[in-house]
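J.: Under the numbering used here, the residues of the sequence shown are numbered 1 to 157, in order.
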Amino acid sequence: FTIYQYFQTLQLFEPMDSQVKEPLIMTAEGFVAQHTLFNSDLKKAAFYLGCATQILLSSQYSHLKSEPFALQLHNLNIGYRELMEIYPKLLNKAKEYKRADKLYNSQYFDDLLTKVGLYLQEDKDVHKTETSYAFSLGLVMEKEFANQRREARQSHN
1 FTIYQYFQTL
11 QLFEPMDSQV
21 KEPLIMTAEG
31 FVAQHTLFNS
41 DLKKAAFYLG
51 CATQILLSSQ
61 YSHLKSEPFA
71 LQLHNLNIGY
81 RELMEIYPKL
91 LNKAKEYKRA
101 DKLYNSQYFD
111 DLLTKVGLYL
121 QEDKDVHKTE
131 TSYAFSLGLV
141 MEKEFANQRR
151 EARQSHN
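1. What do you reckon, are the CB atoms on A28 and L112 nearer than 8 angstroms?
2. Going by DSSP in three states, S106 sits in which element: helix, strand or coil?
3. Consult DSSP for E148 and reduce its assignment to one of helix, strand or coil.
4. So, with DSSP's three-state summary, where would you put P23?
5. Identify, in the order they occur along the chain, each residue of the same chain with its Cβ nearer than 6 angstroms to the Cβ of G50, setting aside the five sequence neighbours on each side.
6. Counting Cβ pairs, one atom from each stretch, are 3 or more of them under 8 angstroms apart for the segment 62–75 and the segment 144–152?
7. Please name the residue, chosen from L83, S59 and Q72, that lies closest to E130 on a Cα-to-Cα basis.
8. Return the residue from the list D123, F145, S59 and L76 that minimises the CA-CA distance to D101.
9. Span of the alpha helix (DSSP H) holding P88?
10. How should A33 be labelled, buried or exposed, when 16 other C-beta atoms within 10 angstroms of its C-beta is the threshold for buried?
11. Would you identify the three-state DSSP class for Q210, choosing helix, strand or coil?
12. Is it right to say L56 is buried, meaning 16 or more other beta carbons lie within 10 angstroms of its own, or is it exposed?
13. Excluding sequence positions up to five away, which residues of its chain have a Cβ less than 8 angstroms from the Cβ of P68?
14. Measure how close the beta-carbons of T53 and L90 come, nearest whole angstrom, since I'm counting them as under 8 angstroms.
If you want it as structure tokens, here you go:
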């Protein structure tokens with residue numbers, strides 16, 4: 001509480017009660033639109049690629065009880081060069097899983113990859129830390145998006 005009062009004295013933040021709290025949009029596109037973090041195309045591409053990667057990893061875990069594609073993720077230290085390496089590998093692995101009918105949410109996955117292709121371009125102003133964060137955030141948030149889609153399907157049944 002004391003630190004909060006100190007911050008208020010410095011006027012670093014708006015008062016808590018005056019901030020408008022918007023509900024979090026639980027789709028990849030809505031999430032990107034709602035957050036100023038995604039102020040460059042490269043960060044958007046990294047986020048969408050993270051989401052698509054999580055779908056593949058979930059499919060692998062479901063069928064293999066392991067996630068071998070995780071070895072391709074450069075310990076989540078991901079910049080433009082690493083995104084350019086991961087993207088074609090993900091496409092190839094996804095084709096393999098689609099042929100075996102083992103890839104979940106195939107249409108949604110394809111939509112995410114289309115967005116990656118649209119936004120994936122080098123940006124010298126974006127630091128590797130930022131793209132790593134956006135990619136990792138995509139991995140984490142895709143699990144939440146999947147839960148939201150599952151709940152929506154269950155409520156419609």
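Beta carbons are placed, not taken as given, at the ideal position from N, Cα and C, and that holds for glycine.
T.: Based on what the coordinates show:
1. Within the sequence shown, residue 28 is the residue found at index 28, counting from 1. Within the sequence shown, residue 112 is the residue found at index 112, counting from 1. Cβ distance < 8 angstroms, so A28 and L112 count as in contact.
2. On the sequence shown, residue 106 is found 106 positions in, with the first residue counted as 1. If DSSP states are grouped into helix, strand and coil, S106 belongs with the helices.
3. The count along the sequence shown starts at 1 and reaches residue 148 at position 148. According to the sequence provided, residue 148 is Gln. The question's Glu does not apply to it. Helix, per DSSP.
4. Within the sequence shown, numbered from 1, the residue matching residue 23 stands at position 23. Correct three-state label for P23: coil.
5. Along the sequence shown, one-based indexing puts residue 50 at 50. Result list for G50: F135, G138 and L139, in chain order.
6. no
7. The residue you call residue 130 lines up with position 130 of the sequence shown. Residue L83 is the option with its Cα nearest to E130.
8. Residue numbering aside, residue 101 sits at position 101 when the sequence shown is read from its first letter. Comparing Cα-Cα distances from D101 to each of D123, F145, S59 and L76, the minimum goes to S59.
9. Residue 88 sits at position 88 when you count from the first residue of the sequence shown. P88 -> alpha helix (DSSP H) spans Y80 to R99.
10. Residue 33 sits at position 33 when you count from the first residue of the sequence shown. It counts as exposed.
11. The requested residue 210 is not part of the displayed model; the chain covers only 1 to 157.
12. Numbered from 1 along the sequence shown, position 56 holds the residue referred to as residue 56. When all chains shown are included, L56 counts as buried.
13. Position 68 of the sequence shown, counted from the first residue, corresponds to residue 68. The residues are Q60.
14. Working through the sequence shown from its first residue, we reach residue 53 at position 53. Working through the sequence shown from its first residue, we reach residue 90 at position 90. With a Cβ gap of about 6 angstroms, T53 and L90 count as contacting.
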